[in-house]
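Undergrad: This is the structure I have questions about; it appears just below.
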Amino acid sequence: MKIEKSLLVCFVFNVIFNLSFAQEFSEGPFKQLIIRGVTLINGNGSPPRGPLDIVVENNVIKEIKVVGYPGVPIKNDRRPILKAGGKEIDAEGMYLLPGFVDMHGHIGGVAQGADADYVFKLWMAHGVTTVREPSGRGLDWTLKLKRSSIKNEIVAPRIFAYTAFGEGSEAPISTPGMARNWVRENAKRGADGIKLFGAAPEIISAALDENKKLGLRSACHHAQTDVARWNVLNSARAGLTSMEHWYGLPEALFEDKTVQQYPLDYNYQNEQDRFEEAGKLWKQAAKPFSDHWNKVMNELLELDFTIDPTFNIYEASRDLQRARRAEWHELYTLPSLWRFYQPSKISHGSYWHDWGTEQEVAWKENYRLWMTFINEYKNRGGRITVGSDSGFIFQLYGFAYILELELMREAGFHPLEVIRAATLNGAEALGVADKIGSVEVGKLADFVIIDENPLKNLKVLYGTGAIRLTEDNVVTRVGGVKYTIKDGVVYDAKNLLKDVKRIVDAAKKKENFKILQPGIKE
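Residue 1 is where the sequence shown starts when you use the numbering used here, and the numbers rise one by one after that.
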């Protein structure tokens, strides 16, 4: 009995501590929350409109009220009335968007030394209110964080947990029956879906079939180890709901081969081999708008297939210096994470063994062809989502998400299409578009509020803001998310970033650490 009481006391203490810790950066939820005078950039592709008053009650949007016209004083007699005990935010001159959905967000990693609190604050500081984790440190670990996030005990986005196929199995899954059993057990444990990398065709087919029967969703990184016999078309036909990155798509577009043109001394375990040759893949696929190219695209469209490209995570491949010199590393990248990024024969994605001009030129062409496919898929009605896959290859949580938005703009997306990919498309892919993804009456209160227009310059969404020169010839920083609202709780985004800096400063002080570029000793 004494032990049970002791455990109960510890549990209560932890709940109280977490709640008070979360409240340090947030307010709410409120019985009523009114955001006044804001300009709305919705996630459904509609143009901005405002000023609006948006009324939330108990985390549900109750009213979206037009209260005036640009440049004309707002008349108070047409505005919703704040109830006793309610909260209002004066957002005149500001912009409101739906909360962002990161469809590929690993919650830190042991090798990177990045814990959940650090990662969550970086995401939330950049307006990310929902994250799909496509495998991580284990389902049980992720589900604990998911439950704490639902209760607002921690500063964290809403979490969807996808389990790596085979995780927890006592033996390697080697038969379709084993695959089906594992999928059923995964669902019983509370997972939202599965993440595949590759396996024998009959095993993947069985896993996807069983997963679909259970009503769960799926993701797949089509690893080179299995893609020669099972590409994206095979997966989509078998019921896969989304592909990650782009592996498996060029292979589906091959016309004169079944495997890519590997050098005969290629070794998949060599990270430079793996990523250097990947940068030549799109050049080997069917030409854009050719018959085979169109045939593959049209079939994927008919299957309502989602593509989550994660452009940003390979962006260093075409300009390594830009990625490693990104200004946010100095303030917000942990020493352990910086070390993980360095050239290494061991760390995943640290493939800078001998990376130079030839590799970057190949990757630039790879991007051109890849972006052409993604943009046209969007133009024909296909669903493209935003995922960051941060924590690798010099890409930092939160900041990399905004970079992904910029890269979609580069691919040809209109800024409104970029925002739709980041919000409503992600919600649709997760099966929760009735709750989040756009600002509509009846949906939950997930918002991003910023005092600059992100359609004119997506860079204002970075925590470090955008550079602007004043009329007086003074260099200033503008933007950075002001408020992130998740489940009706209002978070001060800039305070979240300040705390990340505090965490990083403490880690640097402990180690007497200073960021140095690769190969530079002091």
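Each residue gets a CB set at the ideal place from its N, CA and C atoms; glycine is no exception. No experiment lies behind these values; they were computed from the predicted model shown.
Per DSSP, which one or two residues make a beta bridge with Ala114?
TA: As a first step, residue 114 must be located in the sequence shown, where it is residue number 114. DSSP output for Ala114 lists Gly109 as bridge partner(s).
Undergrad: Answer yes or no: do Ile89 and Arg36 have a C-beta to C-beta separation smaller than 8 Å?
TA: On the sequence shown, residue 89 is found 89 positions in, with the first residue counted as 1. On the sequence shown, residue 36 is found 36 positions in, with the first residue counted as 1. For Ile89 and Arg36, yes; Cβs fall inside 8 Å.
Undergrad: For Val500, which of helix, strand or coil comes out of DSSP?
TA: On the sequence shown, residue 500 is found 500 positions in, with the first residue counted as 1. Helix.
Undergrad: If you reduce the DSSP assignment to three classes, tell me which class Asp265 lands in.
TA: Locating residue 265 in the sequence shown gives position 265, counting from the first residue. Three-state result, Asp265: coil.
Undergrad: Have a look at Gly527 and Gly136 and give me their C-alpha separation to the nearest angstrom.
TA: Limits of the chain in this structure are 1 at one end and 522 at the other, which puts residue 527 out of reach.
Undergrad: Could you pull the DSSP bridge partners for Ala161 from this structure?
TA: Counting from 1 along the sequence shown, the entry for residue 161 is found at position 161. Ala161 pairs with Glu133.
Undergrad: Quick one: what's got a C-beta closer than 6 Å to Gly193's C-beta in the same chain, skipping five residues either side?
TA: As a working note, residue 193 is residue 193 in the sequence shown. Closer than 6 Å at the Cβ level, and outside the excluded window around Gly193, lie Tyr162, Leu216, Arg217 and Ser218.
Undergrad: Here's the rule I'm using: 16 or more other beta-carbon atoms within 10 Å means buried, otherwise exposed. How should Glu547 be labelled?
TA: The structure shown does not extend to residue 547, since the chain is modelled only from 1 to 522, so the question has no answer here.
Undergrad: Kindly indicate which three-state DSSP category Ala427 falls into: helix, strand or coil?
TA: The residue labelled residue 427 in the question sits at position 427 within the sequence shown. Reduced to three states, the DSSP call for Ala427 is helix.
Undergrad: Taking a contact to mean a Cβ-Cβ separation below 8 Å, would you say Ala164 touches Lys212 in this structure?
TA: Here residue 164 refers to the residue found at position 164 when the sequence shown is read from its first residue. Here residue 212 refers to the residue found at position 212 when the sequence shown is read from its first residue. Contact: no.
Undergrad: Would you tell me roughly how many angstroms separate the C-alpha atoms of Glu306 and Val296, rounded to the nearest one?
TA: Walking along the sequence shown from the start, residue 306 turns up at place 306. Walking along the sequence shown from the start, residue 296 turns up at place 296. The sequence shown places Thr at residue 306, not Glu. Between Thr306 and Val296, the C-alpha separation is close to 14 Å.
Undergrad: My assumption, with CB atoms under 8 Å, is that Leu96 sits in contact with Leu40. Please give the rounded CB distance.
TA: By one-based count along the sequence shown, residue 96 stands at place 96. By one-based count along the sequence shown, residue 40 stands at place 40. At roughly 5 Å, the Cβ-Cβ gap stays under 8 Å, so Leu96 and Leu40 are in contact.
Undergrad: Put Ser390 into one of helix, strand or coil per three-state DSSP.
TA: In the sequence shown, the residue the question calls residue 390 occupies position 390. DSSP places Ser390 in coil when its eight states are reduced to three.
Undergrad: How big is the Cα-Cα spacing for Ser535 and Val441?
TA: What is shown of the chain runs 1 to 522, which leaves residue 535 out entirely.
Undergrad: Can you tell me where the beta strand (DSSP E) holding Ile64 begins and where it ends?
TA: Sequence index remark: in the sequence shown, residue 64 carries index 64 (1-based). Element bounds for Ile64: Val60 to Val66.
Undergrad: So what does DSSP say about Met371, is it helix, strand or coil?
TA: To locate residue 371, count along the sequence shown from 1; it is residue 371. Correct three-state label for Met371: helix.
Undergrad: So what's Lys195 in DSSP terms, helix, strand or just coil?
TA: Numbered from 1 along the sequence shown, position 195 holds the residue referred to as residue 195. Strand.
Undergrad: According to DSSP, is Ile485 part of a helix, a strand, or is it coil?
TA: Locating residue 485 in the sequence shown gives position 485, counting from the first residue. Strand, per DSSP.
Undergrad: Is Ile402 helix, strand or coil when you go by DSSP?
TA: The residue given as residue 402 occupies position 402 in the sequence shown. In the structure shown, Ile402 sits in a helix (DSSP, three-state: H, G or I).
Undergrad: Please state whether DSSP places Ile81 in a helix, a strand or coil.
TA: Your numbering for residue 81 matches position 81 in the sequence shown. If DSSP states are grouped into helix, strand and coil, Ile81 belongs with coil.
Undergrad: If you follow the alpha helix (DSSP H) that Gln517 is in, where does it begin and where does it stop?
TA: The residue given as residue 517 occupies position 517 in the sequence shown. First-last for Gln517: undefined, no H or E at that position.
Undergrad: Nearest CA to the CA of Trp293: which residue from Glu522, Asn76 and Ala252?
TA: Numbered from 1 along the sequence shown, position 293 holds the residue referred to as residue 293. The shortest Cα separation from Trp293 among Glu522, Asn76 and Ala252 belongs to Ala252.
Undergrad: Taking just the CA atoms, how far does Glu376 sit from Gly412?
TA: Position 412 of the sequence shown, counted from the first residue, corresponds to residue 412. Position 376 of the sequence shown, counted from the first residue, corresponds to residue 376. If you take the alpha carbons of Gly412 and Glu376, they lie about 9 Å apart.
Undergrad: Going by the DSSP bridge assignment, what does Glu376 pair with across the sheet?
TA: Counting from 1 along the sequence shown, the entry for residue 376 is found at position 376. Its beta-bridge partners do not exist; DSSP assigns none.
Undergrad: Below 8 Å on the Cβ atoms is my contact criterion, and I expect His106 with Asp389 to pass it. Report the Cβ-Cβ distance as a whole number of Å.
TA: By one-based count along the sequence shown, residue 106 stands at place 106. By one-based count along the sequence shown, residue 389 stands at place 389. Contact holds; Cβ gap of about 7 Å.
Undergrad: Please name the residue, chosen from Asp446, Lys144 and Thr333, that lies closest to Ile54 on a Cα-to-Cα basis.
TA: As a working note, residue 54 is residue 54 in the sequence shown. Ranking the options by Cα distance to Ile54, first place goes to Asp446.
Undergrad: By Cβ distance, which residues of its chain are closer than 8 Å to Gln517, with the 5 residues on each side in sequence left out?
TA: Here the question's residue 517 lines up with position 517 in the sequence shown. Here the set comprises Arg324 and Arg325.
Undergrad: For Val500 versus Tyr332, is the C-beta spacing smaller than 8 Å?
TA: Stepping through the sequence shown from its first residue, residue 500 is reached at position 500. Stepping through the sequence shown from its first residue, residue 332 is reached at position 332. Contact: yes.
Undergrad: Do Val386 and Tyr401 have their CB atoms nearer than 8 Å?
TA: Position 386 of the sequence shown, counted from the first residue, corresponds to residue 386. Position 401 of the sequence shown, counted from the first residue, corresponds to residue 401. A contact, by the Cβ cut-off of 8 Å.
Undergrad: Using a Cβ-Cβ cutoff of less than 8 Å, which residues in the same chain neighbour Ala238 once the five nearest sequence positions on both sides are dropped?
TA: By one-based count along the sequence shown, residue 238 stands at place 238. Within the same chain, Ala238 has close Cβ partners Ile204, Ser205, Leu208 and Asp209.
Undergrad: Note down the Cα distance separating Ala493 from Val439, rounded to an integer number of angstroms.
TA: Within the sequence shown, the letter at position 493 stands for residue 493. Within the sequence shown, the letter at position 439 stands for residue 439. Those two C-alpha atoms are separated by around 20 Å.
Undergrad: Kindly indicate which three-state DSSP category Ser205 falls into: helix, strand or coil?
TA: The residue given as residue 205 occupies position 205 in the sequence shown. Looking at Ser205 - three-state DSSP - the assignment turns out to be helix.
Undergrad: Do Lys443 and Ile436 have their C-beta atoms closer together than 8 Å?
TA: To locate residue 443, count along the sequence shown from 1; it is residue 443. To locate residue 436, count along the sequence shown from 1; it is residue 436. Their beta carbons are under 8 Å apart, which means Lys443 touches Ile436 by this criterion.
Undergrad: Taking just the CA atoms, how far does Thr464 sit from Leu320?
TA: Position 320 of the sequence shown, counted from the start, is the residue given in the question as residue 320. Position 464 of the sequence shown, counted from the start, is the residue given in the question as residue 464. One C-alpha to the other measures close to 20 Å.
Undergrad: Could you say which of Asn512, Glu244 and Lys482 lies nearest to Met124 if we only look at CA atoms?
TA: Your numbering for residue 124 matches position 124 in the sequence shown. Of the candidates Asn512, Glu244 and Lys482, the one whose C-alpha sits nearest the C-alpha of Met124 is Lys482.
Undergrad: Mark Ser174 as exposed unless 16 or more other C-beta atoms lie within 10 angstroms of its C-beta, in which case mark it buried.
TA: Counting from 1 along the sequence shown, the entry for residue 174 is found at position 174. Per the 10 Å Cβ criterion, exposed.
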